[in-house]
Amino acid sequence: GNSVTQMEGPVTLSEEAFLTINCTYTATGYPSLFWYVQYPGEGLQLLLKATKADDKGSNKGFEATYRKETTSFHLEKGSVQVSDSAVYFCALSITNNNDMRFGAGTRLTVKP
Amino acid sequence: GAVVSQHPSWVICKSGTSVKIECRSLDFQATTMFWYRQFPKQSLMLMATSNEGSKATYEQGVEKDKFLINHASLTLSTLTVTSAHPEDSSFYICSAPRLAGGEQYFGPGTRLTVT
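In C-alpha cells, the structure reads:
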C-alpha cells in the first residue's frame, strides 16, 4: 500500500543550525509529495509540495526534492529560527490530493 | 488562504453519550471533506471521506455506525461519535480542498476526552 516513513523526533536544534528531516515513501503509481507544518495550537498548513520526480518544493527557506530513485522527499533548511519550532508531517497523495497518507510527524524545537 | 473551522475546539463527555463535531469551510464550498484522527505523538489517520449529498466513504477498520458523518451542505460536515468510550478520546481533524483535486485546507482540530 501507500505509506510514508519519516524520521522520528523529537529534534532539538540551536538557532541558525542546519535542519534535515528524512522522509521516504512507498507508493503504487506516481504520488504527489507534501510537507505540512503544525504550529502549537493550530491546524496543519501546507509548507511545500512536489508533484513529479526531480521537482523541488520550497517555501520560507525550506526545501525538499522529489527523488524517485531513492523514493525520498527530505526536508531541509539551512538556518532554522525559533519560530520554526513545530511538528512537521511528510505526506503523499496518489489520487489528485484527495487521499493523503501522512508520516508520523517530527517535532522540531529550536532553541535560541 | 482558505479557512476551515471546527467546533468545538475541545469537548469532554461522559462514557455512553454522543458528541457532534462540526467542520465548516468558511470562504469556499467543499463537495468533499475528510475526517482524520490523530493519537498523541502519532500521525493523522484518515477515517472517512465526507461527500455532500451522498454517503460517506469509510476507511477500513472504521465503524460507520460509531462515527456518523453527515455532509449537510457545501460548507458543513459533521462527525458524530456515538456512544463514546474512553478509547475514542483523540484529536479529530477535518480538511477540505478548495478545488477538486487541489490543496487541502485543515481545520484546527477538536480534542475529545471521554471520561
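Residue numbers (the working numbering), protein chains in the order written: chain A, 550 to 661; chain B, 227 to 341. Just so it is clear, CB atoms sit at the ideal spot from N, CA and C, and this is done for glycine as well.
Which bits of chain A does glutamine 268/B rub up against, with CB to CB less than 7 angstroms?
Ala653, listed in chain order.
Would you mind sorting alanine 602/A into buried or exposed? The rule is 16 or more other CB atoms within 10 Å of its CB.
Exposed, since its Cβ has fewer than 16 Cβ neighbours within 10 Å.
Going along chain B in order, which residues have a C-beta closer than 8 angstroms to the C-beta of phenylalanine 638/A?
Chain B residues near phenylalanine 638/A: Ser269 and Leu270.
Could you compute how far the alpha carbon of serine 235/B sits from the alpha carbon of serine 621/A?
Looking at the two C-alpha atoms, the distance is approximately 35 angstroms.
Between which residues of its own chain and serine 581/A is the CB-CB distance below 6 angstroms, once the five residues before and five after are set aside?
For serine 581/A, where only same-chain residues beyond five positions count, the Cβ hits under 6 angstroms are Thr600 and Ser642.
Looking only at C-alpha atoms, which of Asn296/B, Glu285/B and Pro323/B sits nearest to glycine 279/B?
Glycine 279/B has its Cα closest to that of Asn296/B, out of Asn296/B, Glu285/B and Pro323/B.
Taking 8 angstroms as the CB-CB cut-off, is glycine 578/A touching chain B?
Closer than 8 angstroms: no.
Quick check: the Cα distance between serine 299/B and threonine 275/B, rounded to an integer number of angstroms?
Between serine 299/B and threonine 275/B, the C-alpha separation is close to 14 angstroms.
Below 8 angstroms on the Cβ atoms is my contact criterion, and I expect alanine 640/A with arginine 656/A to pass it. Report the Cβ-Cβ distance as a whole number of Å.
At roughly 16 angstroms, the Cβ-Cβ gap does not stay under 8 angstroms, so alanine 640/A and arginine 656/A are not in contact.
Take the Cβ of alanine 593/A as the centre, count every other Cβ of all protein chains shown within 10 Å, and call the residue buried at 16 or more, exposed below.
Looking at the sequence shown, residue 593/A is not alanine but leucine. Leucine 593/A comes out buried.
Assuming threonine 306/B and serine 244/B make a contact with CB atoms under 8 angstroms, what is their CB distance in whole Å?
Right, the Cβ-Cβ distance comes to about 6 angstroms (below 8 angstroms), so this counts as a contact.
Checking contacts by CB at 8 angstroms: is methionine 556/A closer than that to chain D?
Absent from the structure is chain D; the protein chains it does hold are A and B.
Could you pull the start and end residues of the beta strand (DSSP E) that proline 661/A belongs to?
First-last for proline 661/A: undefined, no H or E at that position.
Could you tell me whether any Cβ in chain A is nearer than 8 angstroms to the Cβ of isoleucine 238/B?
By this cut-off, isoleucine 238/B is not an interface position.
In terms of residues, what are the limits of the beta strand (DSSP E) holding glutamine 594/A?
Start and end: 593-599.
Cα separation between phenylalanine 254/B and lysine 598/A?
Whole-angstrom Cα-Cα distance: 22 angstroms.
Taking 8 angstroms as the CB-CB limit, is glycine 592/A close to chain B?
Yes, glycine 592/A lies at the interface with chain B (some Cβ there is under 8 angstroms from its Cβ).
Inspect the beta-carbon positions of glutamate 564/A and valine 636/A and report whether they are closer than 8 angstroms.
Cβ atoms of glutamate 564/A and valine 636/A: not closer than 8 angstroms.
For isoleucine 319/B, go through chain A and note every residue whose CB falls closer than 9 angstroms to its CB, in chain order.
What isoleucine 319/B touches in chain A: Gly592 and Leu593.
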